[in-house]
Amino acid sequence: MQITSILALPLKAVPLMPLVSIELVASRLFKLLLSAHGDMFERLGTYKSNRFSFAPTDLPLIFLIEPHLLRLKVVRQSEAFTADAGVEAPLVMLLALLEGRCDADALFFSRDLKVIGDMEAMLAMRNALDDCDIDLPRDLARIGGPAAPIVHRLAVEIRSRSLREIQ
Amino acid sequence: MELICPAGTPAAFREAVDAGADAVYCGFRDETNARNFPGLNFSRDELHDAIVYARKKGCMTFVALNTFMRAGDEEIWYSAAADAVRLGADALILADFGLMAHVREQYPEQRLHVSVQASASNPEAINFLVEAFDAKRVVLPRTLTIGDIARIGRKVKCEIEVFVFGGLCVMAEGRCSLSSYATGKSPNMNGVCSPASHVRYRQDGSDMVSELGTYTINRFSHGEAAGYPTLCKGRFDIGDARGYAFEDPVSLDVMGEIEALKDAGVSALKIEGRQRGKAYVAEVVSTLRQVLATAPSGRGPLLARLRALSEGQKTTVGAYEKRWR
Numbered sequence: 106m107q108i109t110s111i112l113a114l115p116l117k118a119v120p121l122m123p124l125v126s127i128e129l130v131a132s133r134l135f136k137l138l139l140s141a142h143g144d145m146f147e148r149l150g151t152y153k154s155n156r157f158s159f160a161p162t163d164l165p166l167i168f169l170i171e172p173h174l175l176r177l178k179v180v181r182q183s184e185a186f187t188a189d190a191g192v193e194a195p196l197v198m199l200l201a202l203l204e205g206r207c208d209a210d211a212l213f214f215s216r217d218l219k220v221i222g223d224m225e226a227m228l229a230m231r232n233a234l235d236d237c238d239i240d241l242p243r244d245l246a247r248i249g250g251p252a253a254p255i256v257h258r259l260a261v262e263i264r265s266r267s268l269r270e271i272q
Numbered sequence: 058m059e060l061i062c063p064a065g066t067p068a069a070f071r072e073a074v075d076a077g078a079d080a081v082y083c084g085f086r087d088e089t090n091a092r093n094f095p096g097l098n099f100s101r102d103e104l105h106d107a108i109v110y111a112r113k114k115g116c117m118t119f120v121a122l123n124t125f126m127r128a129g130d131e132e133i134w135y136s137a138a139a140d141a142v143r144l145g146a147d148a149l150i151l152a153d154f155g156l157m158a159h160v161r162e163q164y165p166e167q168r169l170h171v172s173v174q175a176s177a178s179n180p181e182a183i184n185f186l187v188e189a190f191d192a193k194r195v196v197l198p199r200t201l202t203i204g205d206i207a208r209i210g211r212k213v214k215c216e217i218e219v220f221v222f223g224g225l226c227v228m229a230e231g232r233c234s235l236s237s238y239a240t241g242k243s244p245n246m247n248g249v250c251s252p253a254s255h256v257r258y259r260q261d262g263s264d265m266v267s268e269l270g271t272y273t274i275n276r277f278s279h280g281e282a283a284g285y286p287t288l289c290k291g292r293f294d295i296g297d298a299r300g301y302a303f304e305d306p307v308s309l310d311v312m313g314e315i316e317a318l319k320d321a322g323v324s325a326l327k328i329e330g331r332q333r334g335k336a337y338v339a340e341v342v343s344t345l346r347q348v349l350a351t352a353p354s355g356r357g358p359l360l361a362r363l364r365a366l367s368e369g370q371k372t373t374v375g376a377y378e379k380r381w382r
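Chains A and B supply the protein sequences, listed in that same order.
When we follow our numbering, the leftmost residue of the first sequence carries the number 106, and every step to the right adds one.
When we follow our numbering, the leftmost residue of the second sequence carries the number 58, and every step to the right adds one.
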């Protein structure tokens, strides 16, 4: 699926950024979600020690998450990496899955989403995130300081436009 | 007719209640229920909170303890039953006759439903369970026609619940050994059909190949709608032909037959899908609630939008309107 949303232009700029900056921003967001959802990985059980890859098909980047270390790493798609389980889909869909606004099985049936590796680990991750009640605009607004209402409104607008495209 | 909705997580449970479920069914995080998937299901505390949430909104909670007890390990099932009763489950959905006997003996007031996993699909079997264990409701398998259901309905002394939407199991549930044959694990004993531990997906050129253990289940060409890696919906070489031996990757949708099901004596409509995400639960429950409130002529467009969420992006009435190939 080709995403032509409001996110398309910024997405084009991301690969031009230094990897260290991308990782810094992504790690900051990851820590933010962890602090807002302390039990985010509780449902992973023994799969907490696995390494998960999240690959947006519209970005040349792979996001690697190690839940037991509470660590996020970003690598370029061209680099070699190892992961026990992983998922590939357009960024907007991955974000929608993170919020539980899309059904992963339905995206799998429509072939918009690919899963690789250990399916037990991947299922556990899917179920863990689905139960989390993550709301990206609300969670992002927490670092907005005095601009929080603006950040929230902007994020809600981007989200609703993006969701309209994929639903 | 009641709308009975699935929940695999507390978040999905709340979605089901808010979307208009009359009852939500769920299970504990162990082998006592037939959806024992990683990361799915409820701890005791989560079930307590869920039941409280449902009660406040006038919704019932059914707890599925619908696998078969392992000799020597009965305590796992007994303690699950004890906790479900203590936490206030409105009904227990059971498959194992031994567990039914235990629940009836220990908790005489507890409402008991016969799970589809019990394979009770004729009046004699159902009435035996009603008389022996005071079962109040039976969930029928998805292998009966509406005519069969009506004939059963006239002869049984309990309520009838049927699946109307979601995953389509085409086998004699509770008796199917296909998953055991391929992986050593089954929904009946381990709570898993095609366990994720044995599932692999790989790309072969532009095709996606799904495998279960050492068996290739299917090969989907680029862009072709996919299905679950279950043997009953696998594509196989049979003689000179390649095709689906039992059933295509497809989901069940019998919502177009609500009036006929009502006339057949059905009192509860069940949605399959405890393994699905909360977005699916919310969408399906709210849509089917709307369908129930809509005249037959207006239901088509509502149901059409659920097709995209279905296995193989297709739906069928399955055996409810049996047309053998």
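Glycine included, each C-beta is placed from N, C-alpha and C at the ideal position.
All of these numbers come straight from a predicted model, not from anything done at the bench.
Interface residues of chain B around A:D236 at Cβ under 7 Å? T66, P67, A68
Between the segment 302-311 of chain B and the segment 220-237 of chain B, are three or more C-beta pairs nearer than 8 Å? yes
Who are B:A298's beta bridge partners in DSSP? B:I295
Could you pull out every unbroken beta strand (DSSP E) segment of at least 3 residues lying fully inside the segment 171-234 of chain A, listed in chain order? 176-181, 190-194, 219-222
Anything in chain A within Cβ reach of B:Q370, meaning under 8 Å, just list it in chain order. F214, S215
Local conformation of B:S389 per DSSP, three classes: There is no way to answer for residue 389 of chain B, as the model of chain B reaches only from 58 to 382.
In DSSP terms, what B:C83 is bridged to: B:V120
Check distances from the C-beta atoms of the segment 321-355 of chain B to those of chain A and list, in chain order, the residues that come in under 7 Å. R333, G334, K335, A336, Y337
Does the beta carbon of B:A282 sit closer than 7 Å to a beta carbon anywhere in chain A? yes
Should B:F125 and B:M228 be called a contact, given that it needs their Cβ atoms to be closer than 7 Å? no
A:T151: which of A:P165, A:E171, A:R133 sits nearest, CA to CA? A:E171
To which residues does DSSP link B:E304 through a beta bridge? In the DSSP output, where bridge partners are listed per residue, B:E304 has none listed.
The ligand MN and A:S126: does the residue's C-beta get closer than 6 Å to at least one heavy atom of that ligand? In the structure on display, the ligand MN does not appear, and there are no ligands present to speak of.
Checking contacts by CB at 7 Å: is A:E225 closer than that to chain B? Output row for A:E225: interface = yes.
If we cut at 7 Å on Cβ distances, does B:G224 have a partner in chain A? no
Just confirm the distance between the C-beta atoms of B:N98 and B:G145, as a whole number of angstroms; I'd bet it's less than 8 Å. Not a contact, Cβ separation roughly 18 Å.
Does any C-beta atom of chain A lie closer than 7 Å to the C-beta of B:G375? no
Please report the distance separating the alpha-carbon of A:L129 from that of A:L175. 14 Å
Tell me, please, which residues DSSP counts as bridged to B:G224. B:S308
Rounded to a whole number of angstroms, what is the C-alpha to C-alpha distance between A:L202 and A:R247? 21 Å
For A:D208, go through chain B and note every residue whose CB falls closer than 7 Å to its CB, in chain order. R333, G334, A336, Y337, L366
Quick one: what does DSSP say B:H105 is sitting in, helix, strand or coil? Secondary structure of B:H105 (DSSP, three-state): helix.
List the residues of chain B that A:V220 touches, going by C-beta distances under 7 Å, in chain order. Y258
Residues in the segment 144-166 of chain B having any Cβ partner in chain A nearer than 8 Å: none
Counting along the chain, where does the beta strand (DSSP E) carrying B:M265 start and finish? 264-269
Shorter than 7 Å from the beta carbon of A:A229 to some beta carbon of chain B? yes
Counting along the chain, where does the alpha helix (DSSP H) carrying B:T273 start and finish? First-last for B:T273: 272-277, but that is the beta strand (DSSP E), not the alpha helix (DSSP H).
What's the gap between the Cα of B:S254 and the Cα of A:M224? 6 Å
Give the interface partners of A:G205 over in chain B, defined as CB-CB distance under 8 Å, in chain order. Around A:G205, the beta-carbon contacts reaching into chain B at under 8 Å are A68, G334, K335, A336.
Alpha-carbon to alpha-carbon, B:L366 and A:D210: 8 Å
Taking contact to mean at least 3 C-beta pairs separated by less than 8 Å, is the segment 286-296 of chain B in contact with the segment 185-204 of chain B? Taking 8 Å as the limit for Cβ pairs, the verdict is that the segment 185-204 of chain B does not touch the segment 286-296 of chain B.
Please classify B:G334 as buried or exposed, where buried requires at least 16 neighbouring CB atoms within 10 angstroms. buried
With the cut-off set at 7 Å, would you say B:G223 and B:A282 are in Cβ contact? No, the pair does not count as a contact, with Cβ atoms beyond the cut-off.
Please confirm if B:A73 has its CB atom under 7 Å from at least one CB of chain A. no
Any Cβ of chain B within less than 7 Å of the Cβ of A:N232? By this cut-off, A:N232 is an interface position.
Rounded Cβ spacing between B:P286 and B:S251 (contact assumed at less than 8 Å): 5 Å
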